[in-house]
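Residue numbers (my numbering): 21 to 115.
By construction, the Cβ of each residue, glycine as well, lies at the ideal position given by its N, Cα and C atoms.
Model, not experiment: these values are computed from the prediction.
Shown next as structure tokens:
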């Protein structure tokens with residue numbers, strides 16, 4: 021049996037208590053923490069699906085620009101250039 025870790029759901033500002041553990045097959049088991057005062061063991065649909073969202077499968081792990089992988093420096097420069105353009109056109113409150 022794996023260790024159970026008390027944590028907090030990241031999806032909204034309520035901060036529901038979550039019990040999380042990794043199963044033998046690598047899957048995460050998520051349940052509401054019955055001792056947590058915010059949710060007393062209940063989880064909404066997003067919190068209940070938390071175990072399905074924490075793996076790396078299907079996640080974007082490298083920056084992409086115009087559909088192709090690029091180096092981090094190039095991606096950061098593209099974002100900075102975009103911010104500068106928006107600020108120049110619309111002012112600093114636009115970002």
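Exercise for the section: Please look up how many angstroms separate the CB atoms of residue 58 and residue 24, rounded, as I've assumed it's under 8 Å. Expected result: No, residue 58 and residue 24 are not in contact; Cβ-Cβ is about 18 Å, not under 8 Å.
Exercise for the section: Using a threshold of 8 Å, state whether the C-beta atoms of residue 71 and residue 104 are closer than that. Expected result: No.
Practice task
Tell whether a beta-carbon distance below 8 Å holds between residue 56 and residue 32.
Solution key: no
Problem - Proximal residues to residue 44 (C-beta, below 8 Å), its chain only, five neighbours per side dropped - result: 22
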